[in-house]
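Asker:
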Amino acid sequence: MDKKKNPWLILSVHFIYFSLNYQLSFGADTISANQTLSGDQTIVSSGGNFELGFFKPGNSSNYYIGMWYGRGLVSEQTPVWVANRETPIRDRFSAELRISDGNLVLFNESQVPIWSTNISSSTGSSSVIAVLEDTGNLVLKDGPNSSTLLWQSLEHPSHTWLPGGQIKQLSWLDGSKQWNLFWSQPRQQCEVYAFCGAFGSCSEKGLPFCTCLQGFQPKSQGDWNNLTDYSGGCQRKTKLRCEDPTLPNVKEDKFLELPNMVFPEHPQSMSVGSNSECESTCLNNCSCTAYAYDSDGCKIWIGELLNVEQLAEDASNGKTLFIRLAASEFSSSSNNKGIIIGAAAGSVGLILLVAVLGILIWKRRTIKAPKVVEGSLLAFGIILKPEFADTEQHFKCFFSGKEHDIIDKFINHENNNVEMR
């Protein structure tokens, strides 16, 4: 038989091929306990922002496990993180990156471990996975649904500081035989200067960390969505009236109250005695973008707002900030609120109407028809009424025999009359 036409041979070849490449078919951004990464194989973050695999710099013959920007973002391969900087390999097809004893470990051509996440954990190695996130953070987790990070590359930067990374100084303690954190910056993500850019608000409690203030939108949506780079900041959705006073039928700018905030950088103190005077001072200066009035007096901000931070509702150190917006931003906001309230009220009314109709239908269906038995007056379609005493004889004529006796007995002894229904 011609081997080229043998379907079983073709099927076997395909089976072997897919078996050899199975290790990365389970999850494009994940390395599990039963998977390995070798040769030209890579894992790619869910949004395609970053890719991890073997690479070699320039004309070097050495290979490294590293991370670089996704091909859809940067045409030239640009590594931003390297694992085995001091111990490169020569044959990437014989080397393997895999989960071993709860760690992510790189084995060289001789299957000798040359790099590891090197964590001590009681977690079983069968449940540990490595995931490449869209932020450029390679994390080791105790299972796909776990929120606990056993290890993350952002805490072990190489030559590039990615957004969300930290610089740390550690000291070795001989007594306890472990590293002690002596210093780190930033301690919190929102402490990074201008992390969210102009008119961006940072929140340690939310993901993503950055959002645009109400009335603003990202200057570069691609940077925010694809690169998680918020440094470009935000821009106004609607131009201020003071920027173009010739616009017809445009109301004066207004201020939006933002509670539980950390004030932006570079405030200017003003000598006024009330909140309304502070507001007027800002309103009369077109360059003034925000103001605040508290026990420390009046503060205004000129130009871009940097390092605005939104605190949690229960935060005790939050301040109230008023940002300047076009009047139309408030009308659209109230219109949207009215639409939402109207839709909610309509939905509630509809639900109540359906419920009432359902109850009425249920009651009608549950009213049982009177049980008809032999000799019953209802079997002949009559009901008893006391108002028709002079008609009793007329009804008797409709019946004979047993039925006649029943009616006669009932009328005489119960003193009731009958009426045809």
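Numbering that gives the first Met the number 0 numbers the first residue of the sequence shown as 0 and each following residue consecutively. Where is the CB? At the ideal position from N, CA and C, for every residue including glycine.
Examine the Cβ distances between the segment 190-199 and the segment 170-182 and report whether three or more of them are shorter than 8 angstroms.
Answerer: The answer is no - the segment 170-182 does not touch the segment 190-199, with fewer than three Cβ pairs under 8 angstroms.
Asker: Among S59, N58, L51 and S93, which has the Cα closest to the Cα of W80?
Answerer: It is L51.
Asker: Need the endpoints of the beta strand (DSSP E) that N102 sits in, please.
Answerer: N102 -> beta strand (DSSP E) spans N102 to F106.
Asker: Please check the pair D133 and G46, which I expect to be a contact at CB under 8 angstroms, by giving their CB distance rounded to whole angstroms.
Answerer: The Cβ separation is near 4 angstroms, so the contact holds.
Asker: Given a cut-off of 8 angstroms on the beta-carbon distance, is the pair R323 and C277 in contact?
Answerer: Against a cut-off of 8 angstroms, the Cβ pair of C277 and R323 comes out as no contact.
Asker: Specify the secondary structure class of I350 as computed by DSSP and reduced to three states.
Answerer: If DSSP states are grouped into helix, strand and coil, I350 belongs with the helices.
Asker: Pull up the DSSP beta-bridge partners for L282, would you.
Answerer: For L282, which the question treats as bridged, DSSP gives no partner whatsoever.
Asker: Cα separation between E203 and N144?
Answerer: E203 and N144: Cα-Cα distance of roughly 22 angstroms.
Asker: Within the same chain, show all residues whose beta-carbon is closer than 6 angstroms to that of W150, passing over the 5 residues directly before and after it, in chain order.
Answerer: T116, I118 and L139, listed in sequence order.
Asker: Name the DSSP bridge partner or partners of P56?
Answerer: In the DSSP output, where bridge partners are listed per residue, P56 has none listed.
Asker: Who are the near neighbours of N41 in its chain, counting only those whose CB is closer than 7 angstroms to its CB and skipping five residues on each side?
Answerer: The sequence as given places Thr at residue 41; Asn does not occur at that position. Hits under 7 angstroms: E50, L51 and G52.
Asker: Quick one: using the 10 Å Cβ neighbour count with 16 as the cut-off for buried, is F92 buried or exposed?
Answerer: The residue is exposed, with fewer than 16 neighbouring Cβ atoms inside 10 Å.
Asker: Could you check whether P87 and N61 sit closer than 8 angstroms to each other, using their CB atoms as the reference points?
Answerer: Going by C-beta atoms, N61 is nearer than 8 angstroms to P87.
Asker: When DSSP labels each residue in this structure, what does S126 get in the three-state scheme?
Answerer: Of the three classes helix, strand and coil, the one that applies to S126 here is coil, per DSSP.
Asker: Rounded to whole angstroms, how far is the Cβ of G205 from the Cβ of K218, which I believe are closer than 8 angstroms?
Answerer: 20 angstroms between Cβ atoms; not a contact.
Asker: Starting from the C-beta of E242, find all residues in its chain whose C-beta is less than 7 angstroms away, skip the five residues before and the five after it, and write them out in chain order.
Answerer: Taken in chain order, the residues that qualify are C285.
Asker: How far does the beta strand (DSSP E) with N423 in it reach, from first residue to last?
Answerer: Because residue 423 is not part of the residues shown, which for the chain are 0 to 420, the question remains open.
Asker: Where does V43 fall in DSSP's three states?
Answerer: Residue state, collapsed to three classes: strand.
Asker: Go to N224, then tell me how far its alpha helix (DSSP H) extends in each direction, as first and last residue.
Answerer: Segment Q220 to N225, the alpha helix (DSSP H) holding N224.
Asker: Identify which residue in A129, P156 and W160 has its Cα closest to the Cα of L148.
Answerer: Checking every option, the nearest Cα to that of L148 belongs to A129.
Asker: If you pair each beta-carbon of the segment 309-321 with each one of the segment 257-271, do three or more pairs fall below 8 angstroms?
Answerer: A contact exists between the segment 309-321 and the segment 257-271.
Asker: Less than 8 angstroms between C-beta atoms, sequence neighbours within five positions excluded: which residues of the same chain meet that for N136?
Answerer: Within the same chain, N136 has close Cβ partners Q151, S152, L153, L161 and G163.
Asker: Give the secondary structure of R363 by DSSP, where H, G and I count as helix, E and B as strand, and everything else as coil.
Answerer: Here R363 sits in helix by DSSP.
Asker: Whose C-beta lies closer than 7 angstroms to the C-beta of P238 among residues of the same chain, with five residues either side of it excluded?
Answerer: For the sequence presented, residue 238 should be read as Lys rather than Pro. Around K238: A325.
Asker: At what residues does the beta strand (DSSP E) containing C201 begin and finish?
Answerer: C201 -> beta strand (DSSP E) spans G199 to C201.
Asker: Using the DSSP secondary-structure output, state which residues sit across from Q184 in a beta bridge.
Answerer: Its beta-bridge partners are I166.
Asker: Assuming N83 and L105 form a contact by the criterion Cβ under 8 angstroms, report the distance between their Cβ atoms to the nearest whole angstrom.
Answerer: Rounded, the Cβ-Cβ distance is 6 angstroms, consistent with contact.
Asker: Just how far apart, CA to CA, sit Y63 and S175?
Answerer: Rounded to whole angstroms, Y63 to S175 spans 33 angstroms at the Cα level.
Asker: Under the assumption that I299 contacts P263 (Cβ atoms under 8 angstroms), give the Cβ distance between them as a whole number of angstroms.
Answerer: With a Cβ gap of about 11 angstroms, I299 and P263 do not count as contacting.
Asker: With burial defined as no fewer than 16 other Cβ atoms inside 10 Å of the residue's Cβ, what is the status of L356: buried or exposed?
Answerer: It is exposed - the Cβ of L356 has fewer than 16 other Cβ atoms within 10 Å.
Asker: Would you report the Cα separation of G27 and L131, rounded to the nearest angstrom?
Answerer: What sits at residue 27 in the sequence shown is Ala, not Gly. Those two C-alpha atoms are separated by around 9 angstroms.
Asker: For W67, tell me which candidate among I98, D90, S157 and S109 has the shortest Cα-Cα distance.
Answerer: Comparing Cα positions, the closest option is S157.
Asker: Could you please give me the residues that DSSP links to E50 through a beta bridge?
Answerer: Answer is V43 and W67.
Asker: In chain order, what residues of the same chain have a beta carbon less than 6 angstroms from the beta carbon of K250, not counting five sequence neighbours either side?
Answerer: For K250, where only same-chain residues beyond five positions count, the Cβ hits under 6 angstroms are A326.
Asker: Quickly, what does DSSP pair F321 with across the bridge? List them, please.
Answerer: Beta-bridge pairing links F321 to E256 and Y290.
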